Structure formats: structure tokens, C-alpha cells
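Take 22 as the starting number for the sequence shown in this note's numbering and just add one per residue.
Before any comments, here is the structure.
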Amino acid sequence: MDNITTSLNEQTEEIGESESELTEQAEVVLNHRYYLKDTEGEVTENSSELFRRVAKAVSSIEKSYKILPVESELLEKDFYSMMSKLEFIPNSPTLMNAGTEQGTLSACFVLPLEDSMEDIMKTAHDIAMVQKFGGGTGFALSHLRPKGDKIKTTHGIACGPIAVLKTLSQVSSMITQGGKRDGANMAVMAVSHPDIEEFISCKAVEGDIHNFNISVGVDTKFMEAVKNNTSYPLVNPNTKQITKWIDARELFSTIVDGAWRNGEPGMIFLDKVNEDNVVIDTLGEMVATNPCGEQPLLGNESCNLGSINLAKFYRNVKGSWEDKIDWDNLKKVTTLSTHFLDNVIDANKYATKDIENMTKSTRKIGLGVMGFADLLIQLRIPYNTELAREVGEYIMKFIRENSDFYSKHLANLRGVYPAGEGNDEYRNACRMTVAPTGTISMIAGCSSGIEPSFALVWKKANILEGKTLYYSNKYFEEDAKKYGFYSEDLMEYLSNGGSLQDRDEVPQWIKSVYITSPEISPEAHVLMQSAFQKSVDSGISKTINFPNEATREDVQEAYLLAWETGCKGITVYRAGSREKEVLVKGTDKKEEEEVFMCCDSPNIVEESGCETCKVCGWSLCHVA
């Protein structure tokens, strides 16, 4: 691979600067989901007006901090500028709702779930209130007494966490968000819970609890027991008594088997998560995450996310890769984004008072990135190389340092987050999160999160009097035409799931630069996640893609590698492992689910735990 990298550095041709105009796909997504509409359903704004609406709403809270009107106006212009240039895009609820009466700007929430009927019913109520306006929710089942435990107050028998989970799933299914989709949820159970085996298998039958992702929360002691092939205790959360000792490696194999079969459960490494929990001594441990797993939160916290589009910071100059990144502008956008997200917390309207109080107590923000794969393409660096991981690690460290610096600056102006008073120097208890960015990356016209390209070409068929339109990675199409290997035959082949690696007419260096997610080894996927994790104090939403022929041992190795390299969680998906599956790549269809989308020919990819249509923007996990 070093030889390939060397040859790429010798390429004299450079990719031109990306255009700022919205793509056709972006306009489709915005028209369908984001632009304001009148009572007849007619669109009443354009992209410029959308970004101005959001910038005005988010900057308007400056007055509460006694900022001069002229300074507030300048900030509004800066917010508008970075969004209109597609350098930074906030999460979907902020784009949709800022400046409207609805005003819910947070993407996801973690709700507390304690062991009493009153608490369970309150959680059911809160999930309905959150999802009514499009929010996703996460829960920890770890505090619920196991199935069969005696209940002293009623002399009854506990139904157990899985029964509670099914009840919450039914509540969530009732709240179809905008009439288009079920709410998105995440259920986490500590590996030490006596009902952990039932939890691991609760989604073995496809369709059961369909609106919940599930993950097992594991600690270091469990992973060491797996490594050393020793036993591990299961503990009743109600009595704190050990109920039995289990074979750790055998239980781990059960987790791996479920992930191999249909992608679930994922794993969350709770000790690693809580290393960055700066309020653990006062507010407790984080035991649950948002639906896509990238944002561990305390009960009643919300995630307020936004992503920097790294593809926009490429400079078409000669020199090393460091020379080809506009560090000055990246620093500016990082500080503005940090300010923007802190303002979102105050501009927000919250589903419950408990959520508002806890969110404002910690003031957590989640600044992340997207377009990383596109940046690598412009730099001519293959995704699955050590150099690519070095680039990712360096960039994320740069963003983290500048966001941290500005959060301290805001703390000097506005005060530290209330829960950190006297113990911390930041405005925000955490700053970094890498979200899936399924639809906002389509608006920005860039690759999702830190994911590699899933496909280079996809198509929308039977439109415009029976014609087929091809949508392609813009850099790939430019290079295909520039270097003389573009053809309709190639585009058709790739849109049907074919691999660029199999085409003799394509130069080898092109094949290396444009390697796609299914062609990248699971090890390379995990190592990239780990490289970014070093500077991310929350989590990272990323899917470790496996080919269909991958073995259980392959999945096991990925899970172990994620733990050993410092990741906070891991999600895997083996191609074709779900019986009922929307289109995964090209036109290689399985049985289609009944889904709401605005195009007749969906092209669905699985990235970061979400399924997204690359044509119309439909998403099964539409939270960022």
C-alpha cells in the first residue's frame, strides 16, 4: 500500500474546488423535509431563506447575554455564511424547526428508566412527548429488576426488562413522526444483568421490537474475563446480590452470534464512555446512548449536534497533504460551530422540564465532521491506509483543540456549565461527537460522517419518460471523464452493485482512491474509528461493514479490536444478513420493506447504523 500511496503523490493533476451550489439531491431532500410549507403543503422558502431563518433564530439568544445588537447581527451573518457555504450543517431538527413555533432543535434524548411502575409510566409518557416532534430516544434497562423477582408492595412477580422494552416499543410505534416513520430508539442493558441472555436474543426474530436498536453495555472486567476465559458475575440490580456466574467467553460468543446474524446487538464499552464523564461524581454514570450510539448521555440529557464538512477545506495547491488543507478557515468554522451549538441549547424548546433542566445543567454539544472520505479523495489518499488514519487523527485533534479553546472562552463570558461550577473550566461538559449525518451530508453534497463511500454510482429509473438518471460521486465522475475511462456501460455496471476493482480499463491508482466501504477490511474500518476516537469525548457513529461470507470469528475479531483500540462502541453489519431488507447497494434487492419515501427507485445504503436513500433522502434513522 505504501507503493500505491507514493504513486498517488506523484499525480500531477489536481481536483478542482468543490462548488457551493446545492445538488439536485439536496434540493429533493430539502423540499421533502426541511423547507417550510403553507397549509396547502406548498414550499414557502428556498435554501437561502432556510439558512437565514436558522441563523437568525440561533443568534437571537445573544441578547440574553447582553451582547450589543451590532455584534449579534455580525454573528448571524457568520452563522449564515458557514451554513450557506455548506461548511457546517446542524442536525435535522435545528434545520427544520429553528425560527418556527415548534422550536424543538435537539435530535435525540436519553430518558431515565427506573425500577417502579410510576417511573416506567413516566418514561412512556416522555418518549411520546419527545417523539411527537421527531426526536429519538435511548434507555438503559439495567436498573430494572429481573424477570420473576418478587414485588413486595403488590406481592406480585416482576415482568422483567424485556416486557418493559416491548411496551415502550409499542408506545413508540403509536407516535409515527409526521406520519412518515416510527420513532428511533436505543435500548442498552448492562452485561451484568441477570436477564442479559434474553436481552441479547430479543430481536432474533426479525420484526420484533423493530423500532429499537439494542446494545450490550460491557465493562472492562467482562472483556478481561473474555480474554482470559474466566467467569463473570450476573448481579440483581434490585438486591445487589450475585445471581450466578457465567462463562464470559460463552456469553460474548452469544453477542457475536447475534451481531453476525442480523447486526444486533452492538456493544458499548461503558468504562471507556465514563472516562470522559466529567460529572460522574455529582450526576452519576452514563449507561445509555442515543439511537445511533454516538452520544452517551445521562438521563434527561439531549444531544445537540452539528457537523463540519471537511470536503470544503481542501486547497488546490501543490505540497504535502497538510499544505492542502485550509487550517485558518477550519479554525474559524470550528469556533463558530461551537458558539452556534452552545446557542442552540438556549434557543431550544424542550419536550419536558426535566430534559430542559438537565440539558442546561451540563450544556453538552456534539460537534462532529462529515465529508472525510471526500477530503481523502481530493488529497488522493486511499481510505484503507495508515496515512488516511493519520490524517483523520490529526484533523480531529485540531478541531478538538480549537473547540475546547473556544468553549473555555465562552465560559469566561457566560460561565461554565452549572453542573461543573467550581470543578471545570469549559462552557460545555463535552464538545465532540461524530454523528451519522445521513441526510445532512446529502444536503451538503458530501460523504457521511467518517464513513468511506458506500457506492460510487446509483440510479433513479423510470422517470422522465422512461429514462434512467445516474447519480454519482462527483469526484469520481470528474476523474472518469478526465482520465478517459467514463462510459455508460461503466456507470450501469457500478449502479447495479459492480465493483470498480474488477474493471480493467480503470487505472490502479483510481481504484485505490475510490475504494468503497464493502471493499474495505473490517480491521481498517475499526482502526479508522479508533483514530478519530482519540479526540472525541463522546462517541462515533460508524458501521463496520462485512461481506455476506464473513464468519462469526470475523465479527468477534472486530469487537475485540474495537475494545483494544479504545473505541467507545461498535456496530457491525453483514451484507444480506436481514431477511427483510431494503436495497443495500445498486439494485441487489432483497424483499422490500414498506417504507415512506419520495422516489420510486430507492437506493438504500447502510451507514452508521442508519439506512438512507441516496436519491430522495428517506432514512430509517433520521436523527442527524
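Just so you know, even glycine gets a beta-carbon here, dropped at the ideal spot from N, CA and C.
For clarity, every value in this text was computed on a predicted model and none was experimentally measured.
Exposed unless 16 or more other CB atoms sit within 10 angstroms - verdict on S69: Around the CB of S69, fewer than 16 other CB atoms lie within 10 Å, so the residue is classed as exposed.
Candidates Y594, E585, V547, Q577, of which the one nearest N566 by Cα: With distances taken between Cα atoms, N566 lies closest to Y594.
One or two residues paired with F567 in a DSSP bridge: In the DSSP output, where bridge partners are listed per residue, F567 has R595.
Pick from V64, M103, F154 that is closest to T359, judged by C-alpha positions: If we check each option's Cα against that of T359, M103 comes out closest.
Cβ pair count under 8 angstroms reaching 3, the segment 398-411 against the segment 459-467: No contact exists between the segment 398-411 and the segment 459-467.
Close beta carbons around S190, own chain, < 7 angstroms, minus the five adjacent residues each side: Here the set comprises I230, N232, F233.
Secondary structure of T303, DSSP reduced to three states: Helix.
Buried versus exposed call for W584 [16 or more other C-beta atoms within 10 Å across all chains shown]: Note on W584: 16 or more other CB atoms within 10 angstroms of its CB, so buried under the neighbour-count rule.
Three-state secondary structure assigned by DSSP to W584: Note: W584 maps to helix in three-state DSSP.
C-beta contact flag for N330 and L582 at 7 angstroms: Contact flag unset, no.
Every unbroken alpha helix (DSSP H) within the segment 149-219, with a cutoff of 4 residues, ordered by chain: If we require 4 residues or more, the alpha helix (DSSP H) runs fully inside the segment 149-219 come out as 182-195.
CA-to-CA distance, E61 to M417, given in whole angstroms: Approximately 45 angstroms, taken between the alpha carbons.
Contact under 7 angstroms by Cβ, T264 with P215: Yes. Within cutoff.
Whether Q577 touches V277 by CB criterion (7 angstroms): Going by C-beta atoms, Q577 is nearer than 7 angstroms to V277.
Candidates G284, P312, L521, of which the one nearest G597 by Cα: The shortest Cα separation from G597 among G284, P312, L521 belongs to G284.
D140 versus P539 - alpha carbon distance: If I take the Cα positions, the gap works out to 43 angstroms.
Three-state class that DSSP yields for G62 in the structure shown: DSSP, reduced to helix, strand and coil, places G62 outside both helices and strands of the structure shown, so it counts as coil.
Spatially closest choice to C180 from S193, M195, L162, I196, by CA coordinates: Residue L162 holds the alpha-carbon nearest to the alpha-carbon of C180 among S193, M195, L162, I196.
Uninterrupted beta strand (DSSP E) stretches inside the segment 308-340 (no shorter than 3 residues): Entirely contained in the segment 308-340, the beta strand (DSSP E) runs reaching 3 residues are, in chain order, 326-330.
Beta-ladder partner(s) of I346, from DSSP: Answer is Y335.
Cβ-heavy atom distance, L107 to the ligand PLP, below 6 angstroms: In the structure shown, the ligand PLP is absent, as is every other ligand, since no ligand is present at all.
Residue span of the beta strand (DSSP E) that contains K265, given as start and end: Run containing K265: 263-268, per the beta strand (DSSP E) assignment.
CA-to-CA distance, G177 to L326, given in whole angstroms: Looking at the two C-alpha atoms, the distance is approximately 43 angstroms.
Segments of 3+ residues assigned as beta strand (DSSP E) that fall wholly inside the segment 66-116: 109-111, all fully within the segment 66-116.
From E218, G560, K532, residue whose alpha carbon lies closest to that of I386: Cα-wise, what sits closest to I386 is G560.
Contact under 7 angstroms by Cβ, T125 with F160: Not closer than 7 angstroms, so no.
Which residues DSSP lists as bridging F290, in chain order: For F290, the pairing in a beta bridge is given by DSSP as V239.
Cα-Cα separation between D292 and T115, rounded to whole angstroms: If I take the Cα positions, the gap works out to 31 angstroms.
Limits of the alpha helix (DSSP H) - the one that M512 falls within: Looking at the DSSP string, the run of the alpha helix (DSSP H) that includes M512 is 509-516.
R111 to E218 span [Cα, whole Å]: Before going further, note that residue 111 is Pro rather than Arg in the sequence given. Approximately 38 angstroms, taken between the alpha carbons.
Endpoints, beta strand (DSSP E) assigned at G389: Element bounds for G389: 387-391.
Buried/exposed call for W266, threshold 16 Cβ in 10 Å: With fewer than 16 other beta carbons inside 10 angstroms of its own, W266 counts as exposed.
Contacting residues, own chain, Cβ-Cβ under 8 angstroms from A368 (five flanking each side not counted): Contacts found: A78, V79, S81, I82, A119, G124, L126.
Cα-Cα separation, S428 to L515: Distance between the alpha carbons of S428 and L515 is about 45 angstroms.
Straight-line Cα distance separating S474 from L319: For L319 and S474, the gap between their C-alpha atoms comes out near 33 angstroms.
Whole-angstrom distance between A208 and I12, CA atom to CA atom: Because the chain here runs from 22 to 645, residue 12 falls outside it and cannot be looked at.
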